[in-house]
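In what follows, a structure is listed as structure tokens, so that the remarks can point back to it.
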Amino acid sequence: MISVTNSPSYPEKVLASYHSNEQGLTTKEVGARQQKFGPNELQAGKKNGLFRQIVHHLSDITSLVLLFAVLLSTYLAVSGAEKWSQPLIIGSILALNVFISIYQEKSAEKALSALKNMNVHETTVIRNGHRQTIEATDLVVGDLVVLTAGDHVPADGKLLTANNLTLNEAVLTGESEPVQKNAEPQAPTTEISQRFNEVFSGTGVVTGNGLMVISAIGMQTEIGSIATLLNTTKKQATPLQEKLTILSKHLTSVALLGGLLIFIIGFFFRGFDLSAGLIMGVSLAVAAVPETLPIIVTISLSYGVIKMAKKNAIMRRVNAVETVGSIDVIASDKTGTLTQNQMTVTKYWVPENLPADTSSVISPDSDEFQLMRFMGLATNAEIKEVDGQTVELGDSTELAILRWMEHAQTTRMDLEKEYPRLAEDPFDSTKKLMGTLHQTPSGKYLLIVKGAIDRLPFQATDKQKKEVKHINQQFAQDALRVLAVGYTLLDEKPAEPLDATKIPVKLAGLIGIIDPPRPAAISAIRKAKTAGITTLMITGDHPETAKAIAVQMGIATPADQVITGADLRQLSEDELQERAPTIKVYARVSPADKIRIVKAWQANGSTIAMTGDGVNDAPAIKAADVGIAMGKTGTDVAKEAADMILVDDNFETIVAAIEEGRTIYQNILKAVEFLIGVNFAQLFLMIFAVAMGWGSPLLAEQLLLINILADGIPGFYICREVAEGHQMRRAPISRHSSIFADGLAQRVFFRALVFTLLTLSIFSLGLFVLSNQNLAFARTMLFLVLALGSMLDIYVIKSRQPFSRQTLVENPPLNYGLAGTMLLVISLATVPGLREIFGFTALNGLAWLIVLCSIFIPGLLLELRKRLALRQDAKNAALK
669 MISVTNSPSY
679 PEKVLASYHS
689 NEQGLTTKEV
699 GARQQKFGPN
709 ELQAGKKNGL
719 FRQIVHHLSD
729 ITSLVLLFAV
739 LLSTYLAVSG
749 AEKWSQPLII
759 GSILALNVFI
769 SIYQEKSAEK
779 ALSALKNMNV
789 HETTVIRNGH
799 RQTIEATDLV
809 VGDLVVLTAG
819 DHVPADGKLL
829 TANNLTLNEA
839 VLTGESEPVQ
849 KNAEPQAPTT
859 EISQRFNEVF
869 SGTGVVTGNG
879 LMVISAIGMQ
889 TEIGSIATLL
899 NTTKKQATPL
909 QEKLTILSKH
919 LTSVALLGGL
929 LIFIIGFFFR
939 GFDLSAGLIM
949 GVSLAVAAVP
959 ETLPIIVTIS
969 LSYGVIKMAK
979 KNAIMRRVNA
989 VETVGSIDVI
999 ASDKTGTLTQ
1009 NQMTVTKYWV
1019 PENLPADTSS
1029 VISPDSDEFQ
1039 LMRFMGLATN
1049 AEIKEVDGQT
1059 VELGDSTELA
1069 ILRWMEHAQT
1079 TRMDLEKEYP
1089 RLAEDPFDST
1099 KKLMGTLHQT
1109 PSGKYLLIVK
1119 GAIDRLPFQA
1129 TDKQKKEVKH
1139 INQQFAQDAL
1149 RVLAVGYTLL
1159 DEKPAEPLDA
1169 TKIPVKLAGL
1179 IGIIDPPRPA
1189 AISAIRKAKT
1199 AGITTLMITG
1209 DHPETAKAIA
1219 VQMGIATPAD
1229 QVITGADLRQ
1239 LSEDELQERA
1249 PTIKVYARVS
1259 PADKIRIVKA
1269 WQANGSTIAM
1279 TGDGVNDAPA
1289 IKAADVGIAM
1299 GKTGTDVAKE
1309 AADMILVDDN
1319 FETIVAAIEE
1329 GRTIYQNILK
1339 AVEFLIGVNF
1349 AQLFLMIFAV
1359 AMGWGSPLLA
1369 EQLLLINILA
1379 DGIPGFYICR
1389 EVAEGHQMRR
1399 APISRHSSIF
1409 ADGLAQRVFF
1419 RALVFTLLTL
1429 SIFSLGLFVL
1439 SNQNLAFART
1449 MLFLVLALGS
1459 MLDIYVIKSR
1469 QPFSRQTLVE
1479 NPPLNYGLAG
1489 TMLLVISLAT
1499 VPGLREIFGF
1509 TALNGLAWLI
1519 VLCSIFIPGL
1529 LLELRKRLAL
1539 RQDAKNAALK
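Structure, rendered in structure tokens:
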């Protein structure tokens, strides 16, 4: 048993507050508390079953229209009025769309299971006055837990003893620097990084040992609060999903109005019976819905996944590919993403010299080399080779010193051969320094003291102290962590144990250490700014340090605000939303604070990406429009909550992914333009033809053939179009902008008008001029013109630039797919036996001549309109 010895009143008070004592809980007390509070484990949120998921996706407006068509066509097939091919084909399309949606969701929610895997399985406790090893799930509030180096903390607790105890709290704070702990009273604070007498579930013991009393278990722990946030945080619909939903509503409204209009005309003026009206309703539903659009969108996004993977961005959720292109705010974790995640000595200073960069060459006989030597000798970290791999052991600050020494081609081992260590006064958080004693070749004793400049017992004049203060401030303004080292030569060995605080030393110099910015990240931030993207820094660092780095990287200006988590919690939701655009740097924020930051930007209409690697980042990663986790340093929890994983942990990869996402989004808009124009033309064609008493110009099966084959298959290849123009010199597309923005509405209307007038002309010509009102003949002509014509004008739609040879050759798969589909369409309308199944008939030579000439008309007119529009845009730009 470990007895409580330091500050008896404080440990006794802590134990009493949790109804425990130095002997630990009794078996009876443990059983009662387990019965009352349950096991020490995290709980999963309730998930929807398969049936609920299917119902949810069938409630989508597009699915409802198709479901209506399936029910009507099934009723007609049962009654013998129509063929069974209609409900089978429409039902297959509906089932495929629902299957794709559910499949995408299946991979979404594994974050909590990854969080559970971080739970400690066994731990050492004191119960009934004896040490014992138990399952961590059996722990209760009031248990005494023994902590030693290498342990993972099994629950939250208050420290009763702490002997040189340091913990890695990166999973909660995001900062990898070990935190020194103590067993002393302190003022209450909500900031985890400032609670030095507490330890938290999921964190790791780096050095020392201690004894804790458990204060919270399971979902009541800090990591449990993160699990709660993960359970309750929901992903927003992507901008594209929102826009496609609105588009579906518009199309459905048109279909319903058209159906009502046809019913009124047919029933009151054309003598339609109920069966004929229902058949027309099915046809209108089929004409209104671009059945292949969801599949085309999925294929486009899947292709984007492949292209992004080649740029070191792994997309975990397919539908997030398009959202990446809409990002206008990136909230980035500092450590490892914007910086190199490796503490580095970048500057040094020796008395009576100017500060210098570590890139400069150091002479072995110089005072600078002596500064390096003293720093290296007073270091306990190691860098060694194990099985061909470089392994770094020790404090990150001391590892930075060893890496600096490597540049001068010297090692700690080489130094200690010449100056063997005899004794050590270890570092602790109270005195903030350490000392080492070495034997010199001359037989004297070298004492080296390393630590904070204000704690170093060095002797200096007032002028020297003023100079040291000036250099220290200069380094601090550059966001450098300053470390000082002093030395003295002794004739006699000091008494044991060594006390470095009581022996005066001479100052050898200062070094400045920082986790330096990634050079490529600075250029990527500049590129993002050109593209209209705001970058935010979120870090666990000190506010001034965070701001200095943000200014250095171009994220913030000296005039920009920095806000801490404590200040953030004083703001209401409305106040934060109003101030969010003016705040570029957030320091020492909690997981809940990060979610508030994300939601504040979302409330302002932004599409925000959130990056991170720790457990503490996971809820905000999930809440963001695009959650981004680090592939190298990220925890499984962060990765499972993310939409995108950066293989190389580089900020510049995010910017490259945004550029690719913008290209994918533009290609999806081209697919929408390609499909919707023909859908509107089909609606207008049918309404007008029925109103004129010509009958139904196309059967439901024929409409499906056009929508699935003629429009669907070529539409699949639009996702392979290369980027056009200067994607990263344009502002991001607002999530609130219409899908028909930027001239798409005008292009769709013009194309629909062209096809409506053309197909009405062809249908009336085939019905009244070339045949004796033979509906099958007229439908065959109309089908070929509409199908083949819409396929050919994809070459006009696929590029915003004038048609050229480059338009034809830059996407070979499109050419092959188009050629194969055209042959299939012609075969369905011409091969005997096959054409009769779909209601077609043979055409004469004149009809074929008219068809072949007509299929080029839409493309020619669309190309003419495009060239006129480009010419007008050029004139407008010149006037500006």
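Okay, so the sequence shown: first residue is 669 according to the working numbering, each after it adds one.
Glycine is no exception: its CB is placed at the ideal position from the N, C-alpha and C atoms.
6 Å Cβ shell around residue i - same chain, five flanking residues per side excluded
i, result
"lysine 1002", "Met1205 and Thr1207"
"glycine 810", "Tyr686, His687, Ser688 and Leu693"
"isoleucine 1313", "Ile982, Ala1297, Gly1299 and Lys1307"
"glycine 1345", "Val1416, Arg1419 and Ala1420"
"alanine 1046", "Thr1104, Ile1116 and Lys1118"
"threonine 913", "none"
"alanine 1091", "Leu1105 and Leu1166"
"aspartate 1035", "Val1018"
"phenylalanine 1095", "Met1102"
"serine 869", "Val821, Ala823, Asp824, Thr889 and Ile891"
"glycine 878", "Leu815, Leu827, Thr829, Ala830 and Leu833"
"alanine 817", "Val873 and Thr875"
Where residue i falls, given that 16 or more other Cβ within 10 Å makes a residue buried
i, result
"leucine 1536", "exposed"
"serine 968", "buried"
"glutamine 1474", "exposed"
"histidine 719", "Note on identity: in this sequence residue 719 is phenylalanine, with histidine being the wrong assignment. Phenylalanine 719 comes out exposed."
"histidine 1138", "exposed"
"methionine 1081", "exposed"
"lysine 1215", "buried"
"tyrosine 628", "Because residue 628 is not part of the residues shown, which for the chain are 669 to 1548, the question remains open."
"cysteine 1521", "exposed"
"leucine 683", "buried"
"valine 813", "buried"
"phenylalanine 1451", "buried"
"isoleucine 1505", "exposed"
Contact set for residue i: own chain, Cβ-Cβ below 7 Å, skip 5 residues either direction
i, result
"alanine 779", "With a pLDDT of 43 at alanine 779, under the threshold of 50, the modelled position of that residue is not reliable, and the figure given next carries that caveat. So the qualifying residues of the chain are Leu898, Ala1286, Lys1290, Val1305, Glu1308 and Ala1309."
"methionine 1221", "Leu1006, Pro1185, Ala1189, Ile1190 and Ile1193"
"arginine 1041", "Leu1083"
"alanine 1268", "Leu1244, Gln1245 and Ala1248"
"asparagine 1048", "Gly1062 and Glu1066"
"alanine 1349", "Ala1420, Phe1423, Thr1424 and Thr1427"
Cβ pair residue i, residue j closer than 8 Å
i, j, result
"leucine 908", "isoleucine 1336", "yes"
"aspartate 1317", "threonine 1005", "yes"
"alanine 1260", "alanine 1378", "no"
"isoleucine 1181", "leucine 1151", "yes"
"methionine 1449", "valine 1519", "yes"
"leucine 1435", "leucine 1443", "yes"
"valine 1422", "leucine 1351", "no"
"alanine 988", "aspartate 1242", "no"
"glycine 886", "leucine 710", "yes"
"alanine 1368", "serine 741", "yes"
"threonine 1232", "proline 1211", "yes"
Nearest candidate by alpha-carbon position, reference residue i, set the options
i, options, result
"valine 1266", "Pro1259, Val1257 and Ile1276", "Ile1276"
"isoleucine 1069", "Ser1458, Pro1109 and Thr1026", "Thr1026"
"leucine 1101", "Leu1239, Lys1174 and Val1153", "Val1153"
"alanine 1288", "Ser677, Thr896, Ala851 and Leu1532", "Thr896"
"serine 677", "His1404, Leu1460, Gln1107 and Leu828", "Leu828"
"glutamine 1132", "Phe1037, Asn1021 and Leu1148", "Asn1021"
Neighbourhood of residue i by C-beta, 8 Å cutoff - its chain only, sequence neighbours within 5 removed
i, result
"lysine 979", "Thr1321, Ala1324, Ala1325 and Glu1328"
"valine 698", "Arg795, Asp806, Val808 and Asp811"
"asparagine 1009", "Ser844, Thr1003, Asp1183, Thr1301 and Asp1317"
Distance cut-off 7 Å: residue i Cβ against heavy atoms of the ligand COA
i, result
"isoleucine 1181", "Among the components of this structure there are no ligands whatsoever, and the ligand COA is therefore not found."
Closer than 8 Å to chain B by CB, residue i
i, result
"alanine 977", "Among the chains of the structure shown, chain B does not appear; only one protein chain is present."
Can you list the beta strand (DSSP E) stretches of 3 or more residues lying completely in the region 1003 to 1038, in chain order? 1012 to 1017
Contained beta strand (DSSP E) runs [length at least 3] in the region 1173 to 1241, N- to C-terminal order: 1174 to 1182, 1202 to 1207 and 1229 to 1232
Ignoring anything shorter than 3 residues or poking outside the region 1067 to 1117, list the beta strand (DSSP E) runs there in chain order. 1089 to 1093 and 1101 to 1107
Ranges of the beta strand (DSSP E) found wholly within the region 853 to 894, counting only runs of at least 3: Those beta strand (DSSP E) runs which fall completely within the region 853 to 894 and span 3+ residues are 872 to 884.
Could I get the ranges of all uninterrupted alpha helix (DSSP H) runs contained in the region 1384 to 1450, with 4 residues as the minimum, in chain order? 1412 to 1432
Could you tell me which whole beta strand (DSSP E) segments of length 3 or greater appear in the region 1274 to 1338? 1276 to 1280, 1294 to 1298 and 1312 to 1314
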